[in-house]
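Asks: Read top to bottom, the protein sequences are chains A and B. Straight run, no breaks: the first sequence in our numbering ends on number 452. Straight run, no breaks: the second sequence in our numbering ends on number 125. I have a structure I would like to understand better, so I am pasting it below and will then ask my questions one at a time.
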Amino acid sequence: MFKKVLIANRGEIAVRVIRTLREMGIGSVAVYSEADRSSLHVRLADESVCIGPAMARESYLSIPAIISAAKVTGADAVHPGYGFLSENAEFSAACRDNGITFIGPSPESIQMLGHKAEARKMAVKAGVPVTPGTKDCVKKDFKKEAEKVGFPLMIKAAAGGGGKGIRIVREASQLEKEMTMASSEAKAAFGNGDVYFERYIELPRHIEVQFARDSHGNVIAFPERDCSIQRRHQKLVEETPSPAVSKKLRESLEKAAVQLAEAADYVGVGTVEFLLTQNGEFYFMEVNTRLQVEHPVTEYITGFDLVKEQLLAASGEKLTHTGSHSVPYRGHSIEHRINAEDFSRNFAPSVGRVEEWMVPGGNGIRVDTHVYAGYNLPVYYDSMLAKLVIWAPTRAEAVERSRRALAEFKVRGVKTTIDAHQLIIQDADFKAGKTDTGFMERLLAPAEPVKA
Amino acid sequence: MDVKTLTKLTKWMETTDLEEITWRNGEDKISLKLNNNPEQSAAIASSMEPVLSPTIGIFRFARPGKTNHLKEGSSVKNGQELGVVEVGKDFKAVTAPSNGLLKIISIEDGKPVEYGQPLFFVEPR
């Protein structure tokens, strides 16, 4: 096992990783930008080092600065968290070239699974169902390809992710215009203008399966997470298990994830995202080659520590569970992403000093955060303040517990999405488990101001 | 005040609630101010100008194969290279911010440095 691990990230995920490292008796190194000098991960780590100015490009995204920080502090491994360099094959390779273990998949795996069209091919090879669409990136004959896929369709950037670089085309007449825009957008955002087509599925559920695989070939697929509550492709609420997934469907989903992990010879933890249609068919969407924001819900119902599994896999050891692909779970878990956004002003980002910060507690409540009273929220990074994670024996009880916890959560100084979450859990469709990716749009529709 | 004392003093200050400290000895005066507010970038306020590390890495007084004869008390010119910080395969130049006297060298050759760490103090002239 590693002696000292550098966390190439900030915010709640850096704090979360440090906690597992401490429990395992592994030293921790925090890196921070000038804007994060007073952030909680810097205070909690055994050592900390300033790697650059506030702009992420020159600090958290600077491969030479982070490699240098690992060398200077003598860290033998780097945990990338999520976002930033976590799915960057070049970074994974740079770690390897410098004799530092990257806690995540190999550069080859990241490259293969991170490129969406390549990942699709891999899914087909592994026998995992994919949405009808083009096999490769589309070229000049894109009109013919589009007819084959059928409308409505999505234009997706091959190098995209996190909901970015997607355009929906409802009819053939709009195709040419949207195609030009999608390609130039992709080029500007990801430095790669390649796009491909996929059939657009109306009101699907977003279902994903967390898996872990070690270098000895042990694979675990965890019960599915339902992340259908999204706003502009950004997840707000995640839960596990999904109210829409039966035991039989769960087995099929887990089997698909295992097949994919094995086909890609993947080592580490990862997540396969699927679209689940209203009729209960599922299609492969993409693979995230990192720990995900919503991993705590899985930890809550299964009792696993996914960061620990990452560390075991990366150091060449065996996962804590071997011998079968699935694991037992108990109860229901819901995660609420609490962001510094003003719900009443169309989720506009809110910045400033957190004057009051009182987090909920009690049975079945976990709060992952880097925020404390007096914390100055930097403007440079994402707006997530905390993840409120709930566990209860049943979904109905979990929803009631969410209601109680959200009411206890007091924040002053910045606006948060707590109000939005309260609205979500009071909704009759949510309570009944009837959610899909159009849920937020419908929920917010009556609240939109009428144009004069 | 020598470098070691200065480093010790800064480290010690970080462990206390002190935000600012002034030290006087005859004509020399040093004020240290901790940068607790991330919005303000100046790490230290003093009559001397600090020369901060442009990056994290390993400090070298000279590029490979070169030598550098800097001493405390040497006069330096604006833009003069005082050393380099090695980060990956790159060497980032550390340059004098103005014409003046090099009053303090607060770094040793081959030592790791953080981004924004004071390496030299120059008294402008």
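Note that the Cβ used here is the ideal one computed from N, Cα and C, for glycine as well.
Residues of chain A with CB under 7 angstroms from residue 170 of chain B, in chain order?
Replies: Chain B is shown from 1 up to 125; residue 170 of chain B falls before or after that span and cannot be answered.
Asks: Are residue 153 of chain A and residue 190 of chain A touching if we call contact CB-CB under 7 angstroms?
Replies: no
Asks: Could you spell out where the beta strand (DSSP E) holding residue 383 of chain A opens and where it closes?
Replies: Residue 383 of chain A: not part of any beta strand (DSSP E); DSSP gives it neither H nor E.
Asks: Residue 114 of chain A: buried (16+ other C-beta within 10 angstroms of its C-beta) or exposed?
Replies: By the neighbour-count rule (16 or more Cβ atoms within 10 Å), residue 114 of chain A is buried.
Asks: Answer with buried or exposed for residue 41 of chain B, where buried requires no fewer than 16 other C-beta atoms within 10 angstroms of its C-beta.
Replies: In this prediction, residue 41 of chain B has a pLDDT of 49, which is less than 50 and means its spatial position is unreliable; what the coordinates show is noted afterwards. Per the 10 Å Cβ criterion, exposed.
Asks: Under a three-way DSSP split, which group does residue 77 of chain A fall into?
Replies: strand
Asks: So which residues on chain A does residue 107 of chain B lean against when the C-beta distance must stay under 7 angstroms?
Replies: In chain order: nothing, as chain A lies at least about 14 angstroms away.
Asks: Could you check what DSSP says for residue 40 of chain B in three-state terms: helix, strand or coil?
Replies: Per-residue confidence for residue 40 of chain B stands at a pLDDT of 49, beneath the threshold of 50, marking its modelled position as unreliable; the derived number appears in the next sentence. Three-state result, residue 40 of chain B: coil.
Asks: Kindly provide the ranges of any alpha helix (DSSP H) runs that are 4 or more residues long and lie completely inside the segment 400-437 of chain A, ordered along the chain.
Replies: Runs found: 418-426 and 428-431.
Asks: Please confirm whether residue 184 of chain A has its beta-carbon closer than 7 angstroms to some beta-carbon of chain B.
Replies: no
Asks: Could you check where the beta strand (DSSP E) with residue 102 of chain B kicks off and where it finishes?
Replies: 100-105
Asks: Any beta carbon of chain B sitting closer than 7 angstroms to that of residue 64 of chain A?
Replies: yes
Asks: Is the separation between the beta-carbon of residue 257 of chain A and that of residue 237 of chain A shorter than 7 angstroms?
Replies: no
Asks: Under 8 angstroms, with one C-beta from each stretch per pair, do the segment 390-400 of chain A and the segment 332-341 of chain A reach the 3-pair mark?
Replies: yes
Asks: Checking 7 angstroms against the spacing of the C-beta atoms, do residue 186 of chain A and residue 195 of chain A come in under that value?
Replies: Contact flag set, yes.
Asks: Based on the DSSP output, what are the partners of residue 307 of chain A in its beta bridges?
Replies: Beta-bridge pairing by DSSP links residue 307 of chain A to no other residue.
Asks: Using a 10 Å radius around the Cβ and a threshold of 16 neighbouring Cβ atoms, would you call residue 385 of chain A buried or exposed?
Replies: buried
Asks: Starting from residue 124 of chain A and walking both ways along the alpha helix (DSSP H), at which residues does that stretch end?
Replies: 116-125
Asks: Can you tell which of B:119, B:10 and B:47 has its C-alpha closest to the C-alpha of residue 27 of chain B?
Replies: B:47
Asks: Return no unless some Cβ of chain B is closer than 7 angstroms to the Cβ of residue 15 of chain A.
Replies: Residue 15 of chain A has a beta carbon lying at 7 angstroms or more from every beta carbon in chain B.
Asks: Alpha carbons only, please: which of B:122, B:7, B:95 and B:101 is nearest the one belonging to residue 53 of chain B?
Replies: B:95
Asks: Suppose contacts are defined by Cβ-Cβ distances below 7 angstroms. Is residue 314 of chain A in contact with residue 103 of chain A by that definition?
Replies: yes
Asks: Cβ of residue 36 of chain A within 7 angstroms of Cβ of residue 57 of chain A?
Replies: no
Asks: Under the DSSP definition of a beta bridge, which residues are partnered with residue 28 of chain B?
Replies: B:25
Asks: Is residue 124 of chain B near residue 49 of chain B, with beta carbons less than 7 angstroms apart?
Replies: yes
Asks: Let me know if residue 69 of chain B comes out buried or exposed under the rule of 16 or more other beta-carbons within 10 Å of its beta-carbon.
Replies: exposed
Asks: Closer than 6 angstroms by C-beta to residue 159 of chain A: which residues in its own chain qualify, once you throw out the five before and the five after it? Chain order, please.
Replies: 190 and 192
Asks: Mind listing the chain A neighbours of residue 90 of chain B? Cutoff is C-beta to C-beta under 7 angstroms, in chain order.
Replies: For the C-beta of residue 90 of chain B, the chain A residues within less than 7 angstroms are, from N- to C-terminus, 64.
Asks: Considering only their Cβ atoms, is the gap separating residue 126 of chain A from residue 263 of chain A smaller than 7 angstroms?
Replies: The beta carbons of residue 263 of chain A and residue 126 of chain A sit closer together than 7 angstroms.
Asks: What residue does the beta strand (DSSP E) around residue 227 of chain A start on, and which one ends it?
Replies: 225-231
Asks: So, for residue 51 of chain A: in the same chain, excluding its five sequence neighbours on each side, which residues have a beta-carbon less than 6 angstroms away from its beta-carbon?
Replies: So the list reads 31, 59, 65 and 69, once near-sequence residues are dropped.
Asks: Around the C-beta of residue 22 of chain B, are 16 or more other C-beta atoms found within 10 angstroms, so that it is buried, or is it exposed?
Replies: exposed
Asks: Determine contact between the segment 269-288 of chain A and the segment 142-153 of chain A, defined as no fewer than three beta-carbon pairs at a distance below 8 angstroms.
Replies: no
Asks: Per DSSP, what kind of secondary structure is residue 118 of chain B in: helix, strand or coil?
Replies: In this structure, residue 118 of chain B counts as strand in the three-state DSSP scheme.
Asks: I want to verify the contact list: residues of chain B whose CB lies under 8 angstroms from the CB of residue 307 of chain A, in sequence order.
Replies: Within chain B, no residue comes near residue 307 of chain A; the closest Cβ sits about 25 angstroms away, beyond 8 angstroms.
Asks: Going by beta carbon distance, what residues of the same chain come within less than 8 angstroms of residue 111 of chain A, once the five residues before and after it are set aside?
Replies: If we look at residue 111 of chain A and ignore the five residues flanking it on each side, its Cβ neighbours are 89 and 118.
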